[in-house]
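Keeping their order, the protein sequence lines are chains X and U.
Sequential numbering from 18 applies to the first sequence in my numbering.
Sequential numbering from 18 applies to the second sequence in my numbering.
Just so it is clear, CB atoms sit at the ideal spot from N, CA and C, and this is done for glycine as well.
Protein chains: 2
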Amino acid sequence: MARDPLPTAPTACCTPPAGSALGPHDAERTARTLKALADPTRLRLLSIIAAHDGGEACVCDLVDPVGLSQPTVSHHLKVLTEAGFVTREKRGVWAYYTLVPDAVDGLLTHLGHLLAARPSTSP
Amino acid sequence: MARDPLPTAPTACCTPPAGSALGPHDAERTARTLKALADPTRLRLLSIIAAHDGGEACVCDLVDPVGLSQPTVSHHLKVLTEAGFVTREKRGVWAYYTLVPDAVDGLLTHLGHLLAARPSTSP
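See below:
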């Protein structure tokens, strides 16, 4: 059903958004970061790393708890590293992963601001 | 390279996790919720709804800003509704979507606790 374009007569349904909404570029970037997090294995790996002393864990401590092969765990850790949630440092034969608190906090703060409902102005 | 199972001799690399890590069931549930959010169109829709007065928007106000067809927008809104981020109410010919602040806050708080790095206990 076509609707007549009547610029002088707003339809009863429509009110303009009052706050600021997310632009396409920021939406793409934020969705990409969230996708890195939106996986059960990666969430478990991050929480295991976070639970270690100083938020740092050896890859040798990450394979057994998630019950997957070392290559699969390494793939997930690469995704997390590329998304900036952890940093990787090689020491001797092992790689160590450290949580980047600013990356987690930054994402959560950004989402918190973005998705805070604007208060109603009606009485 | 196979490693000998030596229960009495921990390898030099390995320290047990000190905090509590995420279990498989919670990880699946949290990842599912995050996946609903990890899409640029859905993030934009949520932010547009949040930016409207009272965190409520008519579907008629959501189609144009994201530049997609009404069926595509409806699909994304269904995903957000099923994930609990918005509620849907039909009034007359239009559906209205309202942000559920507790759903957003609950997810962000859960992630914040989960991914808070345990302080280092070494001097």
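{"Query": "Please decide whether residue 129 of chain U counts as near chain X, where near means a Cβ-Cβ distance under 8 Å.", "Result": "yes"}
{"Query": "Residue 45 of chain U CB to nearest chain X CB: under 8 Å?", "Result": "yes"}
{"Query": "How long is the line joining the alpha carbons of residue 48 of chain X and residue 52 of chain U, rounded to whole angstroms?", "Result": "9 Å"}
{"Query": "According to DSSP, which residues form a beta bridge with residue 107 of chain U?", "Result": "U:112"}
{"Query": "Between residue 128 of chain X and residue 125 of chain U, how many whole angstroms is the CB-CB distance? I'm expecting something under 8 Å.", "Result": "6 Å"}
{"Query": "State buried or exposed for residue 72 of chain X, treating a residue as buried only when at least 16 other CB atoms are found within 10 Å of its CB.", "Result": "buried"}
{"Query": "Enumerate in chain order the residues of its own chain whose CB-to-CB distance from residue 101 of chain U is below 7 Å, with the five nearest sequence positions on each side excluded.", "Result": "117 and 120"}
{"Query": "Can you confirm whether residue 135 of chain U, when its beta carbon is compared against all beta carbons of chain X, has any partner nearer than 8 Å?", "Result": "yes"}
{"Query": "Straight-line CA distance for residue 83 of chain U to residue 57 of chain U?", "Result": "10 Å"}
{"Query": "Could you tell me whether the Cβ of residue 69 of chain X comes closer than 8 Å to any Cβ of chain U?", "Result": "yes"}
{"Query": "What first and last residue would you give for the alpha helix (DSSP H) that runs through residue 74 of chain U?", "Result": "Run containing residue 74 of chain U: none in the alpha helix (DSSP H); it sits in the beta strand (DSSP E), 73 to 75."}
{"Query": "Checking contacts by CB at 8 Å: is residue 80 of chain U closer than that to chain X?", "Result": "no"}
{"Query": "Need the endpoints of the alpha helix (DSSP H) that residue 130 of chain X sits in, please.", "Result": "118 to 131"}
{"Query": "Using a cut-off of 7 Å between C-beta atoms, extract the partners of residue 60 of chain X located in chain U.", "Result": "39, 44, 47 and 48"}
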